[in-house]
Structure formats: structure tokens, C-alpha cells
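Below is one structure, written out as C-alpha cells; the observations come after it.
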Amino acid sequence: MHKFASCDGCQLAFLTAGEALLDLAGLVDIVHFAEAGPVSPDAEVDIAFIEGSVSTPQDIDRIQRVRANSRCLVTIGVCATAGGIQALRNLGDGDDWVASLYASPEYIRSLATSDAISRHVKVDLELWGCPVNSRQLLAAVRALLFGVTPPVDQEKVCAECKRSGAVCVMVARGVPCMGPVTRTGCGAVCPRFGRGCYACFGPSENINSDALGGWMRGLGLAPEGVARRFRFINAEAAEFRAAADKAADSGK
Amino acid sequence: MTDNQRGEHREMVINVPVLARVEGEGALDLRIVSGELTECLLRIYEPPRLFERLLVGREFNEVPDVVARICGICPVAYQMSAVHAIEQAFGIDPGPWVRAMRRVLYCGEWIESHALHIHLLAAPDFFACGSVIELAAKQPDEVRRGLRLQELGNDLIRLLGGRAVHPVGVCPGGFYRAPTIGEVDTLRKRLHDALADAEALVEWTCSLELPVTSQSFNSVALRHSDEYPMNQGRLVSSIGLDISIENYPEYFREEHLGHSTALYSRHYPDGAAARDGDGQAYLVGPLARLNLNLDRMPAAVRAVTERCGIQFPTNNMFHSIVGRAVEILYAIHEAARLLDDYRVPVHPAVPVVPRAGEGYGATEAPRGLLWHHYEFDAAGHVRQAVIVPPTSQNQALIEQDLRTSLAEFGLDRQADELRQFAETVIRNYDPCISCATHFLRLKVRRE
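Note that the protein sequences, when read in sequence, are chains C and H. Just so we're aligned: 169 in the numbering used here is position 176 of the first sequence, and the numbers increase by one with no gaps anywhere. So the numbering used here is basically just the index in the second sequence, starting at one, shifted up by 1093.
Following this line, the structure appears as C-alpha cells:
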């Protein structure tokens, strides 16, 4: 388990797995997992889990070393998979803010962008979510131990929400919801709590963001408000970045 | 690690490049020359994520979801300080139901975070284990009990937040959803059943062979007129500070040192008149709260602490682990008490109408005082945000404690022993490096 720029919340999915954590330790040798205890960052391993985004020059060296030492490299969570919320600094409207920030010289080591791991090395499996949950992680480990590629769920939150029997917040109450374009995995937790999805699991496949943007405009959101919903926790995911730019342009 | 011994002159350098069993990325550098500790640096190298800057321009109702991402272990704390600040800025009082449920949610986070720290991060030190997995072989029942308590805390967060990490239930004005009577009843029963586990946990932490150190330190925590502090209160200290949270910046200033990407916060008891650089280290967190607020604990919890023979206030910093266990016991009592009176409200939140203004929020995160300040424009967009997390407040004291404790422990010991002891000292504070580093107070240069 290697940590880059992140909140620690995804590796916590191992540490909050309860008894399953003790079972896991019987299935694999945990060789590097600083928060849990073992420290051996340069060990050769079968599976490397990566939490966090690349945001310093040292991070680039480090991820390349990890890649060279790992047979299978798995990103956990949206910081590692898409740059995370801190990738908001990469955005067009924030172009000037990192450049205009004055910090003490020692901080200049920070890169101007927060990057997904896949921008720097080959990634074998991406687990989306902010945060990922224990079920995703343990299912991935089990599948890899069986020598099969873990299935990646591409369904949308919207479909899972319907199946759970929750009332649609957008149709029934006019609350903007990202469920139609967002990858499932959270259990449709936001709509079940009566609020709109904010896309913390990132874009699903073949999304129709134009249609959703149109719906949101119909609910009274300004173009800038639509753009902001795509520019949030997964702002650097390509589909969301394109949708946000398009929504923002339509307001000009 | 090198250990050169040449006659009288003994120079030893201890570098711990990756601190284990702490949250986030830190390192420790020690240099001992002729029996003197000449260098003692807790280096925090976790890169900044610039949260205070990326909040600017976001709408007020997005703030709880943004700030949760600062810390995966204490997202509720960030959401709590934020909603209080937002509500102060907009002049909103969400009423007693919301207040009680926020307390229940916070109890869940204290239980989950403290149980994680006690069992997975701190306790292995006292059984010569490297991890909880090794500890589980030596103390299987105690580890299972700890994991059960951790899960109870997580389920309490799920009750009001939908999930344990980055919960989604909190909004300015209250909650998006109120739990059903059935959901509350299930948890209420588990809380009452867990009291025995929590009492046994307090006794177990008291039975650990904790190092004995005695040093004077200044505890800082919230204090409320009749409750153990969580969401509200005045800011007090062991040396007589008693201020409203809005005045925090007059008495506490952050300094920026080269070896760390976190800021050091220091206390200036004389307030605005004091000179920069004269500030003092201070303690926030469970031990500081207990040292200042034991009288706010219910009699049932006080009775358990008295039975264990540890007197609060205490000057032994290693009693922090006992403090965490006592707070778990308290949080279970408190959540059970609040849920015993549960009713489903007509609305789980009051309406929020933004206006231009500023607001302050200070709440007790599991690791201590978490202070927020926001300015909003008339549409409710963030104009400016300042966040001071607990670990940057404890950082100066951790280094001071290392100097004192290592000297007491004996600087002539072997490098391995010193390293192990130093790590134990650091872990005892439960530093959350992910939190501490994300708040570089960067100056915006506009040209």
C-alpha cells in the first residue's frame, strides 16, 4: 500500500474491514503498509495498491519505482485514478492560481498539477470512489488471488438507485443529481438520503452529459452551476472535464 | 542510522524516513552529539493539497463535501466546524433536534477514530508488536473487542451519514435525511450492549505498561456550560485562557518552518500585544479535553476512571491512550442517551438563505480543536477560508516532548531503542499528517 497526495480515507477501507482484515492477513503477506505498521517501500510485490495523486517531482520517481517492483498495480480511489479533488488546481479557471500563489521556496517543489497515477505509469486496475469501500478492495484481492481480472462495474448510480426503490430526487423534487452520468458502487447513497449525487465515483461509460446538462438548465441552474457540478471531485476525469467546459462555454 | 563511538565523543544520527502507524507521511530526524540532542525534527513531507484555495468560489452547500476530503479519518469533524461557521455567517439556528443528532454523529466519529488509534496504531507498541495483525495473535479478545467498537462507531456515522468515510448526510441547516425509528432502535440497543466492552477497554488501557513521563504542558480545549465539549463552547486552557472562538487568531498564530509542509501553531497568552516568536507549544486532543473537562463527564464515566486509579488532570502524556478509551466510553453513553429520546422531526434541516458575511466554527475533532473561518458573498459563495487542524497545533509540543522524553529515557541508549521510543512518543499524539499538511497559508500575489 503506497500513499501519495490523499486524505487516507481509501486505505482506511482496509483498516475498517474488521475481522476481514485479520482474514486478509492470512491470505497475503502485507509487506508495505505504513499506516498499518509494515514499512518496506522498495519491496518486490505481486499487488501494489496506490492511494493518492502525483503532485511533486519526488512522487514521479516514487511511482516509477513502485511500478518496477510490482506485478499488478491497482489504484484505489479517485485521487489515484483521476487526480482527486485537489486536481481542481489543474483547471482552466484556476490556471493562474498556482502560478500566482506565493509560497516559501521549499514548497515550490509542489507540481502545478495533481495527476492521476496513469499519467505516469501503466495501471493494471482502477478502483473508483471517494472513498472506495472495503467490499471493492477485498473483492479485488480475492479475484487477483484466483488469477482472474476483477470485474469493473460500469453501471450508473441512476440504475442502482431505481432498483433500490428510492424516489428520484431530480424528477420528484427538482434537485440536480449526477446519478445518470456517475459510476455506481456507492449504493446510491446520496439519492437514498434525499439529496443529489455529486459524482464521487467518477464518470460511468457512454455517458450523455449533454442531456443531463440540459435537464439541469431546465431546473434553473445557470451554465456556471452546471459546470461546477462536473468540476468537483472528479474534475480531471476526461468526460467530466469536457462536459464542464461545454457547459461553461454555453454561458459565454 | 549510524552510531559512531570515538572515545568521549559519541555522535548518533537516527533517521526514520517513513513513520509507521500514523496517518499520513512524516519522518523523524534525530542527532545526538556527546549526549546532547542537537537536532530533533518531525518532518512532514506530505504534499499540500491547497484546500483553502480550492474552496474559494464554491457554493456554501458544497463546503461540507469539500472539507470532508481533507481527512478520511475525521471527515465528520471538518463537516461540523464548517456547518457551524456557515450557520453563524447566515444567522441560522438549526434547533435542538439537529444539535442532538450532530452530537450523535460526532460520538460515532470519536468512537471509530479512537478505537482505530488505540488498537491499530498505538497498542502494538506496548506488546512489542509491529502491527495489529501481530497483536491479534497475542491479545485476540482485546483486538476483536476493539474492532467491534470501531465498527459500532462507523455504524453510528452510517446512521446519519450513509457511509463511514466522507458521509453524505450533513448539510448547512441540519441533515438531508432523518433516520427512521427502526434504524435508531437497532443502534440504541447496540450502544447499550457496548457499554461493557467500553468499560473493559478503559480498564485494559489502564493496565498497559505505559512509559512514565512528567512534564508541564498547557492543555487547550473547548468548554461548555454543562456538557462535555464537542460542537460548542468557549476556548479555555490550563493556564487560565477563556475566550470566545472568534478571538482565536489573537491568541494563536501559525508559523511556517522550513522542514515541514505543515504549519506550527503556537499560543500567545498575552494576545495581540505579544511579539511573534514568543509563542508557546500547547496540547489539543483527548487528554487536553479530559484535563480541562472531567467535571463535565457523567458520574458513571467518572466512576470508571476513578476505579482505574488515574487522576485527571495528569502530566503524563502517555495517559492519552487512557483518555481515548474514556472518551469512547463517554461517547457510547452520550449517543445512547441522545437516541433514547429520539423522535422523527417534521424536517431534518431548517431552510438556509445565504447572505454576505463571515462565520467561525470550532469543534472538538477526535484529535482536538478544529477551527474554521469563512467569508461568503451575497450569493453564498466562499470568498475566503481559513482552517486550523489539530495536528498543526500539536506539532510544536510533539517536538518539545521528544526532547524532554528522550532525555529522560536516556540518550546513551542504543539507536534502535531510541528510535522505537521516539516513534511511540509521536504516535501517542495520534498525529494526522494528512490533515496537517493541507493548509499552507499561501499568500496570493496579485499583479
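Here a beta-carbon is modelled for each residue, glycine too, at the ideal position from N, C-alpha and C. Source: prediction; values computed, not measured.
Check: Between the stretch 64 to 77 of chain C and chain H, which residues of the former have CB atoms less than 8 Å from a CB of the latter, in chain order?; Outcome: G77
Check: Compute the beta-carbon to beta-carbon distance between G122/C and F194/C, rounded to the nearest angstrom, for a pair I have assumed lies under 8 Å.; Outcome: 5 Å
Check: Can you list the residues of chain H that D146/C reaches, using a CB-CB cut of under 8 Å?; Outcome: Under the 8 Å cutoff, chain H gives no residues; its nearest Cβ is about 17 Å from D146/C.
Check: Hey, could you find the ends of the beta strand (DSSP E) F1469/H is sitting in?; Outcome: 1461 to 1469
Check: So the alpha helix (DSSP H) D1286/H belongs to, where does it begin and stop?; Outcome: 1274 to 1300
Check: I'd like the span of the beta strand (DSSP E) that includes V1475/H, first residue to last.; Outcome: 1475 to 1481
Check: Between the stretch 147 to 167 of chain C and the stretch 116 to 136 of chain C, are three or more C-beta pairs nearer than 8 Å?; Outcome: no
Check: Along chain C, in chain order, which residues have C-beta atoms closer than 8 Å to that of A1257/H?; Outcome: T9
Check: Could you tell me the distance, in whole angstroms, from the CA atom of G1327/H to the CA atom of L1385/H?; Outcome: One detail in the question is off: residue 1327/H reads as Arg in this sequence, not Gly. Their Cα atoms are separated by approximately 12 Å.
Check: At the level of alpha carbons, what is the spacing between Y95/C and N227/C?; Outcome: Reliability of the predicted coordinates at Y95/C is poor, the pLDDT of 36 falling under 50, and the value obtained from them is presented with this limitation in mind. Each residue's Cα considered, the two are about 26 Å apart.
Check: What are the boundary residues of the alpha helix (DSSP H) that S1413/H is part of?; Outcome: 1413 to 1433
Check: Between I101/C and chain H, is any beta-carbon pair separated by less than 7 Å?; Outcome: Legend: pLDDT at I101/C = 43, less than 50; position of this residue unreliable, no value from coordinates given.
Check: Hey, would you say A109/C sits closer than 7 Å to A75/C, going by beta carbons?; Outcome: yes
Check: Residue range of the alpha helix (DSSP H) that I1226/H falls in?; Outcome: 1225 to 1231
Check: Could you tell me the alpha carbon to alpha carbon distance between I1421/H and L1315/H, rounded to whole angstroms?; Outcome: 18 Å
Check: Which residues share a DSSP beta bridge with V38/C?; Outcome: S63/C
Check: In the DSSP assignment, the beta strand (DSSP E) including I1137/H goes from what residue to what residue?; Outcome: 1129 to 1137
Check: So R1327/H is in the alpha helix (DSSP H); what residue range does that whole segment cover?; Outcome: It is not in any alpha helix (DSSP H) - R1327/H instead sits in the beta strand (DSSP E) that spans 1327 to 1330.
Check: Taking D1186/H as the reference, which of P1272/H, C1299/H, P1444/H, D1335/H has the closest Cα?; Outcome: P1444/H
Check: Kindly indicate if chain C contains any beta-carbon less than 7 Å away from that of E1116/H.; Outcome: yes
Check: Nearest chain H C-beta to C154/C closer than 7 Å, yes or no?; Outcome: no
Check: To the nearest angstrom, how far is the alpha carbon of R58/C from that of D22/C?; Outcome: 20 Å
Check: For the alpha helix (DSSP H) that H252/C lies in, which residues bound it at each end?; Outcome: There is simply no residue 252/C to check, as chain C begins at -6 and stops at 245 in what is shown.
Check: Is any beta-carbon of chain H found at less than 7 Å from that of V38/C?; Outcome: no
Check: For F1502/H and E1118/H, I'd like the C-alpha separation in whole angstroms.; Outcome: 26 Å
Check: For R1343/H and A1365/H, what's the separation of their Cα atoms in angstroms?; Outcome: What sits at residue 1343/H in the sequence shown is Glu, not Arg. Roughly 5 Å separates the two Cα atoms.
Check: For a cutoff of 7 Å on Cβ pairs, would you count S33/C as touching chain H?; Outcome: no
Check: Please classify D1505/H as buried or exposed, where buried requires at least 16 neighbouring CB atoms within 10 angstroms.; Outcome: exposed
Check: So which residues of chain H does V182/C contact, with C-beta pairs closer than 7 Å?; Outcome: G1255, R1256, V1261
Check: Residues in the stretch 1191 to 1213 of chain H with C-beta within 8 Å of chain C's C-beta atoms, listed in sequence order?; Outcome: E1205, L1209, L1213
Check: Taking beta-carbon pairs under 9 Å, can you tell me which members of the stretch 1213 to 1231 of chain H lie near chain C?; Outcome: L1213, L1214, P1217, C1222, G1223, S1224, V1225, I1226, E1227, A1229
Check: Check each residue of the stretch 1238 to 1252 of chain H: if its Cβ is closer than 7 Å to any Cβ of chain C, include it; give the result in chain order.; Outcome: L1240, Q1243, E1244, N1247
Check: Excluding five sequence neighbours on each side, which residues of the same chain lie with their C-beta closer than 7 Å to the C-beta of A1429/H?; Outcome: R1281, L1284, H1285
Check: Which partner residues does D242/C have in the DSSP bridge list?; Outcome: The partner list for D242/C (beta bridge, DSSP) is empty, contrary to what the question assumes.
Check: Step through the CB atoms of chain H and report whether any lies within less than 7 Å of the CB of T106/C.; Outcome: no
Check: As a quick exercise: from A240/C, G218/C, S243/C, pick the residue whose alpha carbon is nearest that of G1473/H.; Outcome: G218/C
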